[in-house]
Amino acid sequence: MTDQDAMTRLAAANPVPDAGLRDSAASPRALLLQRQVLAQPRGPRRRLALATGPTWRYGLIPAAAAAVALAGYAVVHQSGPPRPPARVVASRATPQSILAQAATRAEHEGRRGQFVHATGTVARIVHLGPGPGYDVIRVDSVRSVQPADGLPGEGWLTIGEQGSSVRPLTAADAAAYAADGSPGPAALPRDGGQTLYPDLAGDQAYAGVLGELPDDPARTGAAMLAWLAEAGLGAPADPQGWLFRTGAKLLDTFTDVAAGADRAKIYRMLAGLTGVRTLEAEADPLGRPARALAYTAATPRYGLVEWQVYLGPDSDRITYTQAVIRQPGPANAGLPAGAVQYSTAVTAVTWSDKP
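The sequence shown begins at 452 in my numbering and counts up one residue at a time.
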């Protein structure tokens, strides 16, 4: 195992907390996790009270690729040998069958509590440093509590409050990172803001009322696009891509407070889109069983991007998303094809009658 592999897997097991948080890199818990990891064989929407940890911006050359979680997981461009890929099978499932099944599950999901508690991580590359600069992977913890199934009330979401980590992307980045003083999360630029899903395509956000959308799948997407026009936001250049990305965000596990019938409505709308395809990998990048869908589109700044959405096999909940660069653009010209621009992983979901 190379040093880069070790850093990747350690961050996946336990993102290194920022200074002043409950664990340190030398704490007994961190050292125990280190031994455990290195010993492993290789192998509308309600207003959120958003509290975040340190924020960042993409630097002189806006960032690029990457990933992460197990308490986060990172899919990254590594300098060492790659991890074995997820087993690939000849998929017989169509996007329509996967999404129809998700819609049915959403409609029949019984209430298990008044609040949904979710934890996970977000990860992406941040570009830093003078001159040509260098890239680091930043991983932040995510926690949220939301009212379940469309119940009234407000939820909250925190990013980075439970821990953050920074590590170089490649060996060359590691040398530049060390020469720059190895800045931690708190030292990264603070003017970029934190978000679960960076806007790579320049999308306008949808803030309409889900319950008012028509039940007919063919009319649901049209109504969402009409809402954009009525709000004076204009029509997207790629309506199908906008509906895919926006629909996935409306179903996001960390911020989703929609009732099952409304989630089902969005899934059926997605099933009617053109350009959505099934990924053949039977597991998500964390190695968990999953069903995966993707949509690929050109963007002005980030080149050709493939947005991937992974659904848990036994529910309609989205458990992992990532944006894979198929052909870099002006903002990420230094990245190889196949690099991951960002990822968001859900690692635990529970229901409770207490917020």
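Even for Gly, the Cβ is constructed at its ideal location relative to N, Cα and C.
With a threshold of 16 other beta carbon atoms within 10 Å, W607 falls short and is exposed.
By the neighbour-count criterion, in which a residue is buried when 16 or more other Cβ atoms sit within 10 angstroms of its Cβ, G683 is exposed. When the Cα atoms are used, D703 and R768 turn out to be separated by approximately 8 Å. In the three-state reduction of the DSSP assignment, F695 falls in the helix class. Across the set Q691, A625, P581, D631, the C-alpha of Q691 shows the shortest separation from the C-alpha of A669. The C-beta of T545 has fewer than 16 other C-beta atoms within 10 Å across all chains shown, which makes the residue exposed.
For the pair P649 and G698, the Cα-to-Cα distance works out to about 15 Å. With a cut-off of 8 Å on Cβ pairs, the segment 549-564 is not in contact with the segment 578-593, counting fewer than three such pairs. P781 sits in a helix when the DSSP states are folded into three classes. One alpha carbon belongs to R562, the other to T770, and they sit about 19 Å apart. Three or more beta-carbon pairs separated by less than 8 Å link the segment 779-799 to the segment 571-580, which places the two stretches in contact. Looking at the backbone, the Cα of A774 and that of G685 are separated by about 24 Å. Only residues of its own chain outside the window of five on either side were considered, and among them L651, G780, A782, N783 have a CB closer than 6 Å to the CB of Y753, listed in chain order. In the three-state reduction of the DSSP assignment, E612 falls in the strand class, which pools E and B. Put simply, the segment 593-602 does not touch the segment 737-751. Fewer than three CB pairs are less than 8 Å apart. Boundaries of the alpha helix (DSSP H) around S548: 546-559. Going by beta carbons, L786 and I776 fall inside the 9 Å limit. Rounded to whole angstroms, A732 and A743 show a C-alpha spacing of 7 Å. The straight-line gap separating the alpha-carbon atoms of G789 and L620 is approximately 14 Å.
The shortest C-alpha to C-alpha distance from G611 to any of A677, V567, T646 is the one to T646. For L702, the three-state secondary structure derived from DSSP is coil. Closest by C-alpha distance to Q778, out of S766, Q792, D765, T772, is Q792.
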